[in-house]
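A quick write-up on the structure given underneath.
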Amino acid sequence: MKKHHVLGLLVCLMSMQVWAQPIQMLLPKVSEFRMDTAPAGFDLRILHLESGDAFSKSGFLNATKVKHAKQFGVATRQTSGMRQKITAQDPLVHDDFGMKRVFAVNGMQVPLPGGTPNDNTIAISNDSILLAGVNSFIWGWDLKQDTFLFAQQFISLIQASGLPTNSYASDPRLHYDPVEDRFVLLFFVGNNPQTSQVFVCFSETNDPRDGWHGYSIPGNPLNNNRWSDFPAITVTEDKLILSINLIIPGVSWQVGFDGSIIWEMDKHAGYAGDSLPVELHHGITYGGEWIRNLHAITGWNGSTTVPMFMSNRNFSAQNDSVFFLRRNDSAVGGTHSYDIHLIHASEAYGLPPNGVQPSTPTGQLNKGMQTNDARWLGGMEMPDGSVHVVSTTREFSSQRSAIYHGILHNPLSPDTLYGHVIGDNIKYFGYPNLAFIGNEECDGEVLIGFNHTSPVDYPGFSALYYGNDGTYSNVISLKSGLGNVNKLGGAERWGDYFGIQSVYNDPQQAWLAGFYGLANGSNSTWFSLLESPDSTRLDLQVDMTGVGCEVEVSAIAIGGVPPYNYAWDSNPGIALAGPYCSGDSVSLSVTDARGCQQALSVYVPYADVTTPSVFPNPTQDMVLMAFDAPSGGEVSITLTTLNGQVITVGKRPVKAGRNEAQLWLGHLPAGTYHVRIHFGDQTGSSQTSHLLSEKLLLITSP
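Residue numbers for the sequence shown follow the numbering used here, beginning at 56 and rising by one.
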């Protein structure tokens, strides 16, 4: 048995505070555009397809993967990577369809070919507007009307934005901000220091057809001959935040990495179309070395509480080192400080091998589906404050590419990233992303989507569900490929992103945008709507019995996970409480075994019984009479003995609807009485008075 030594094992956990050097700018709006009226154009792009394709400069990455294959071996059909604990139910698939175009002449529908790489990204509004982006266009679908959002069906990013450039757009990223009910779009323009821009767009309304405000952020912000690459996007309550890599020109992005930078900008100014205050944070290092590929953490509900970022040693053969950065709120000495923690991962990760599709030649390690490296590709802050991250990794028993799922339980004092590798005995997995899919905030449910391929499976995509109990569902295939991808001379581009987003106004559901191969050798995007299999949303209802001061309140917990703990006015109790009097209020809460809680403020109404009624009957002293008044007015109450003596109790104003009269009768002789309630309108005129209630009442001796 071959032994594998974990490189970089931490003997102790280390943290430090660093000060990112800020550069402040005020950027003017450079473009205001409408996507639905974007003019047609050629969107000319030139992509070199000869061997070794767009990765012709990636000798470092290819050589590293060959070296690691010699160290660990390569996959065979006899090895198995299935290690996750499968006890959770599978997520439910509710809808799916493909990114397509329809020819106006004959109505023919065909898949819309994507880019190289495809770079799937997606954003869905609370009004069911779906925007999707790939290299290098945007596509929209109205989920309510089940039709295209734009008359042009798909729009070049350059054409839509109206940018005067001969460079092409790449790396689109979409985000829907549910708090502001707006969309954000960013993409890169150019891939050298002279042309590099980060173009950031804010929608004017919640309808992306209504217009956008565009801002150009310099791609060579330090004027040191660099260009920008590989963005990640998130928002906080008031900011839009980007993490971006700076690249040295003329070499591959693997070798040419020259630091990750962070852009912060005022999102409200962007939505309004005002001049945009932005701040650049750079010089982020640990131990004198750049922290590579900072990935911005998103929020389960669309925004994070504070800017957070994750990084790792993405080219290592096998490693357990993880970097976690958390922004401090206050400025320190004119700079902004970040807490940086170098922590230990409980499960090692490593540079993944390329995926194998049916057409991949046996033994050619630089062919197949390109997996890039082991950097974090998705990160999310959960309702309880924990952070989940995903990446592509080597699965060290099967030697296939697999999914790494890590959980940081306490970002305020991080110590360990609890990792789990999700693999398969035949398939290769890559390019994961994740979304919250819980029914309520106390849930810890996560949906993970990712691409798949194998020697017998054309490239498609899959998903699995992570439940509240820390177990996983089966991996379910959402879209099978229709053919091999055959666009480049070397390894085919498989990423670089996977699109996924919760439906924020129905968070138990999430939309996914994944990659699949077409029969003609190209690739396209497929959309799937998935729902949590967990229907245990906790709800709370009450039932009441009795009237007057003999009301008992029963708590009824619905859903959730038993056992339940009840509290009445913050005092622990059982599901039944009382007695209460009509008009009382009591606070009630129930907590289930997961820690989920629901609370109610319970008002005990007057005589919640069939009217008219008298209670208790017989009585020794107190009596309550419930009745319904047809309108506002006045009632008179009388008691009549069996021998005809009339005792007038009194008159009182009443409001329309349910009323309750309380009488003290302890001073009357024991016996049987007729109790009558007469009603008169607002004038109190006897001409309009009529009988509301007549009951026999027995008064007993004490």
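All residues carry an ideal CB built from backbone N, CA and C; glycine is no exception. These numbers were taken from a predicted model, which means no experiment stands behind them.
Query raised in the report: Taking the C-alpha atoms as reference points, what is the distance between F203 and R156?
Result: Position 148 of the sequence shown, counted from the start, is the residue given in the question as residue 203. Position 101 of the sequence shown, counted from the start, is the residue given in the question as residue 156. When rounded, the distance between both Cα atoms is 9 Å.
Query raised in the report: How big is the Cα-Cα spacing for Y393 and M71?
Result: In the sequence shown, residue 393 corresponds to position 338, counting from 1. In the sequence shown, residue 71 corresponds to position 16, counting from 1. Near 8 Å, if we compare the C-alpha coordinates of M71 and Y393.
Report task. Out of G245, Y223 and A206, point me to the one whose CA is closest to L212's CA. Result -> Taking the first residue of the sequence shown as 1, we reach residue 212 at position 157. The closest CA to that of L212, considering only G245, Y223 and A206, is found on Y223.
**Report entry** Burial state of V698 (16 or more Cβ within 10 Å)
**Finding:** Numbered from 1 along the sequence shown, position 643 holds the residue referred to as residue 698. The amino acid at residue 698 is misidentified as Val; the sequence shows Asn. Exposed, because fewer than 16 other Cβ atoms sit within 10 Å of the Cβ of N698.
Query - Proximity winner among M320, W566 and T703, relative to D150 (alpha-carbon distances) - result: Taking the first residue of the sequence shown as 1, we reach residue 150 at position 95. For D150, the closest alpha carbon among the candidates M320, W566 and T703 is that of W566.
Requested in this report: Return the chain-ordered list of same chain residues with a C-beta closer than 8 Å to the C-beta of P416, the five sequence neighbours on each side being excluded.
Outcome: The residue you call residue 416 lines up with position 361 of the sequence shown. By the criterion of a C-beta distance shorter than 8 Å, P416 is surrounded in its chain by K422, once the five residues flanking it on both sides are discounted.
Query raised in the report: Identify the residues that DSSP records as bridge partners of D150: which are they?
Result: For the purposes of this step, residue 150 is taken as the residue at position 95 of the sequence shown. Paired residue(s): L584.
**Report entry** Beta-carbon proximity check, H268 vs F257, cutoff 7 Å
**Finding:** Position 213 of the sequence shown, counting from 1, holds the residue named residue 268. Position 202 of the sequence shown, counting from 1, holds the residue named residue 257. Yes, the Cβ-Cβ distance between H268 and F257 is below 7 Å.
Report task. Would you decide whether G705 is buried or exposed? Buried here means 16 or more other CB atoms lie within 10 Å of its CB. Result -> The residue you call residue 705 lines up with position 650 of the sequence shown. An exposed status is given to G705, since fewer than 16 other beta-carbon atoms sit within 10 Å of its beta-carbon.
**Report entry** Where E450 falls, given that 16 or more other Cβ within 10 Å makes a residue buried
**Finding:** Taking the sequence shown and counting its residues from 1, one reaches residue 450 at position 395. By the 16-neighbour rule on beta-carbons within 10 angstroms, E450 is buried.
**Report entry** Distance, A568 Cα to R368 Cα
**Finding:** Position 313 of the sequence shown, counted from the first residue, corresponds to residue 368. Position 513 of the sequence shown, counted from the first residue, corresponds to residue 568. Spanning the alpha carbons of R368 and A568 requires a straight line of approximately 27 Å.
Requested in this report: Just grab the DSSP bridge partners of M680 for me.
Outcome: One-based indexing of the sequence shown puts residue 680 at position 625. Beta-bridge pairing by DSSP links M680 to V669 and A716.
Requested in this report: Using DSSP bridges, identify the partner residues of T417.
Outcome: The residue labelled residue 417 in the question sits at position 362 within the sequence shown. DSSP, once it has assigned bridges, lists no residue as partnering T417.
Requested in this report: Spell out the partners DSSP gives L643 in its beta bridges.
Outcome: Here residue 643 corresponds to residue number 588 of the sequence shown, with the count starting at 1. DSSP, once it has assigned bridges, lists W623 and L655 as partnering L643.
Query raised in the report: Where C497 and P438 are concerned, what is the direct C-alpha to C-alpha distance, given to the nearest angstrom?
Result: In the sequence shown, counting from the first residue as 1, residue 497 sits at position 442. In the sequence shown, counting from the first residue as 1, residue 438 sits at position 383. Here the C-alpha atom of C497 lies approximately 7 Å from the C-alpha atom of P438.
**Report entry** Nearest-angstrom Cα separation, counted from V616 out to S642
**Finding:** As a first step, residue 642 must be located in the sequence shown, where it is residue number 587. As a first step, residue 616 must be located in the sequence shown, where it is residue number 561. Answer to the nearest angstrom: the Cα atoms are 22 Å apart.
Query - Helix, strand or coil at H722 according to DSSP, with G and I counted as helix - result: For the purposes of this step, residue 722 is taken as residue 667 along the sequence shown, with counting starting at 1. Under the three-state reduction of DSSP, H722 is assigned to coil, being neither helix nor strand.
Report task. Could you check what DSSP says for V121 in three-state terms: helix, strand or coil? Result -> Indexing the sequence shown from 1 puts residue 121 at position 66. It is helical.
Report task. Note the first and the last residue of the continuous beta strand (DSSP E) segment covering L463. Result -> One-based indexing of the sequence shown puts residue 463 at position 408. Taken as a continuous stretch (DSSP letters only), the beta strand (DSSP E) holding L463 covers R455 to L463.
Requested in this report: Would you identify the three-state DSSP class for F370, choosing helix, strand or coil?
Outcome: Counting from 1 along the sequence shown, the entry for residue 370 is found at position 315. Coil.
Query raised in the report: When the distance is taken between beta carbons, is L301 closer than 7 Å to I288?
Result: Stepping through the sequence shown from its first residue, residue 288 is reached at position 233. Stepping through the sequence shown from its first residue, residue 301 is reached at position 246. Contact flag unset, no.
Query raised in the report: Mapping DSSP to helix, strand and coil, what is T134?
Result: To locate residue 134, count along the sequence shown from 1; it is residue 79. For T134, the predicted structure reports a pLDDT of 48, less than 50, and the residue's modelled location is therefore unreliable. A value from the coordinates is still provided. When secondary structure is reduced to three states using DSSP, T134 falls in the coil class, being assigned neither helix nor strand.
Query raised in the report: Is the beta carbon of I692 sitting closer than 7 Å to the one on L720?
Result: Taking the first residue of the sequence shown as 1, we reach residue 692 at position 637. Taking the first residue of the sequence shown as 1, we reach residue 720 at position 665. Not a contact, by the Cβ cut-off of 7 Å.
Query - Cβ pair D174, Y552 closer than 7 Å - result: Working through the sequence shown from its first residue, we reach residue 174 at position 119. Working through the sequence shown from its first residue, we reach residue 552 at position 497. Taking C-beta atoms as the reference points, D174 and Y552 count as a pair closer than 7 Å.
Requested in this report: Measure the C-alpha to C-alpha separation of R649 and S656 and round it to an integer number of angstroms.
Outcome: Counting from one through the sequence shown, the residue named residue 649 turns up at place 594. Counting from one through the sequence shown, the residue named residue 656 turns up at place 601. Here the alpha carbons of S656 and R649 stand approximately 22 Å from one another.
Query raised in the report: What span of residues does the alpha helix (DSSP H) with A215 cover, start to end?
Result: Here residue 215 is taken as the residue at index 160 of the sequence shown, counted from 1. Run containing A215: L212 to S216, per the alpha helix (DSSP H) assignment.
Report task. Please determine, among G499, G536, D428 and N539, the residue with the shortest C-alpha to C-alpha distance to Y486. Result -> Sequence index remark: in the sequence shown, residue 486 carries index 431 (1-based). Of the residues G499, G536, D428 and N539, the one whose Cα lies closest to the Cα of Y486 is D428.
Query - Segment contact flag, the stretch 232-249 with the stretch 271-283, C-beta cutoff 8 Å, min 3 pairs - result: The stretch 232-249, when compared against the stretch 271-283, does touch it at the 8 Å Cβ threshold.
Query raised in the report: Smallest Cα separation from Y2: which of Y483, G603, S414 and Y459?
Result: Residue 2 falls outside the range modelled here, since the chain spans only 56 to 757, and no answer is possible.
Query raised in the report: Shortest alpha-carbon distance to N620 belongs to which of C636, T646 and F158?
Result: Numbered from its first residue, the sequence shown carries residue 620 at position 565. When each option's Cα is compared against that of N620, the closest is T646.
**Report entry** First and last residue of the uninterrupted beta strand (DSSP E) at K294
**Finding:** Indexing the sequence shown from 1 puts residue 294 at position 239. Note, K294: beta strand (DSSP E), K294 to I302.
Requested in this report: Take every Cβ of the stretch 303-315, pair it with every Cβ of the stretch 259-268, and state whether three or more of those distances are shorter than 8 Å.
Outcome: Contact between the stretch 303-315 and the stretch 259-268 is absent, because fewer than three Cβ pairs lie under 8 Å.
Report task. Determine the extent of the alpha helix (DSSP H) in which A327 is found, giving its start and end residues. Result -> As a first step, residue 327 must be located in the sequence shown, where it is residue number 272. Segment K322 to A327, the alpha helix (DSSP H) holding A327.
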